[in-house]
Each structure stands twice: as structure tokens, then as C-alpha cells.
Amino acid sequence: MNKTQGFQRLRRAWGFSWQGLRACYAQEAAFRQEVWLLIPLVPLGLWLGESPAERALLVGSLLWVPLVELLNSALEACVDRMGSERHELAGRAKDLASAAVLWAIALALILWGLILLPKWC
9 MNKTQGFQRL RRAWGFSWQG LRACYAQEAA FRQEVWLLIP LVPLGLWLGE SPAERALLVG
69 SLLWVPLVEL LNSALEACVD RMGSERHELA GRAKDLASAA VLWAIALALI LWGLILLPKW
129 C
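Just so you know, the sequence shown maps onto residues 9 to 129 in this note's numbering.
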């Protein structure tokens, strides 16, 4: 088997990653919304965080949301590839992946609240 190595492998992996990001952005409205929310919220998190740790938590919690959305979309694509008939396990897999996105959003909200509310109350 002819496997690429070194820089060529990294270049191809980078290309596949960008291909996946573009596909998710084109196909998934939730991912697009999350990406657009990052544009104002990441600079806001960097500005509101008073220490490197706070800035990392504020921004990092935001970046988890589209990351989990990417995984959710990947799982949904795999389930959809298996067939269009309804199946209890397919529905459960999709629901669990969607719940992971909800948890990521909750994590971001909780961290932002824990860091910022004491400063204003």
C-alpha cells in the first residue's frame, strides 16, 4: 500500500479537515449559526477574561460547541448513510449526539456565568 508520509501526509490531512469544515458549514444550519456567534463572542471572551485562565475558559468553552456539532453532524451522516428507514437505535444515536451539543452549550453558559456574574453582582 502506498501511504503518504511526512509533510505530504500533513498537507493531505489539512485538506481533508478543511473539506469537512466546508461541508459542515454548507450542510448544517446549526454549525453556521455557531460559527457566526464565535465572531463576536471570542473577542468578547478575550476582553472580559481578566487572567489567561479565564480567557482560556471563556474562549475554550465556546470552541467546544462547534467541535461537538461537527461530531454530531458526522454521526448523523453515518446513520443516514445506513438507510432512511426508522430504527430505534439510529434515532437513539442521533438523539444522544444532539444531547452532546446541548451539554456543550450548557457548559459554555455555565462557565461564562461562573466567571462573569461575580464581577457584576
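By construction, the Cβ of each residue, glycine as well, lies at the ideal position given by its N, Cα and C atoms.
Where does Glu42 sit, in a helix, a strand or coil, going by DSSP? Shown here, Glu42 sits in a helix according to DSSP, grouped into three states.
Hey, could you find the ends of the alpha helix (DSSP H) Glu62 is sitting in? Pro60 to Met90 is the extent of the alpha helix (DSSP H) around Glu62.
Who are the Cβ neighbours of Arg17 in its own chain at under 8 angstroms, not counting the five residues just before and after it? Cβ within range, chain order: Lys11.
Beta-carbon gap between Val109 and Val67 smaller than 8 angstroms: At the C-beta level, Val109 and Val67 stay beyond 8 angstroms of one another.
Touch check for the segment 89-98 and the segment 54-74: three-plus C-beta pairs under 8 angstroms? Not touching, per the Cβ criterion.
Judging by CA-CA distance, which residue of Leu56, Cys86 and Lys102 is the nearest neighbour of Lys127? Among Leu56, Cys86 and Lys102, the Cα nearest to that of Lys127 belongs to Leu56.
Through-space distance from Leu70 to Leu46, alpha-carbon basis: Their backbone Cα atoms lie some 7 angstroms apart in a straight line.
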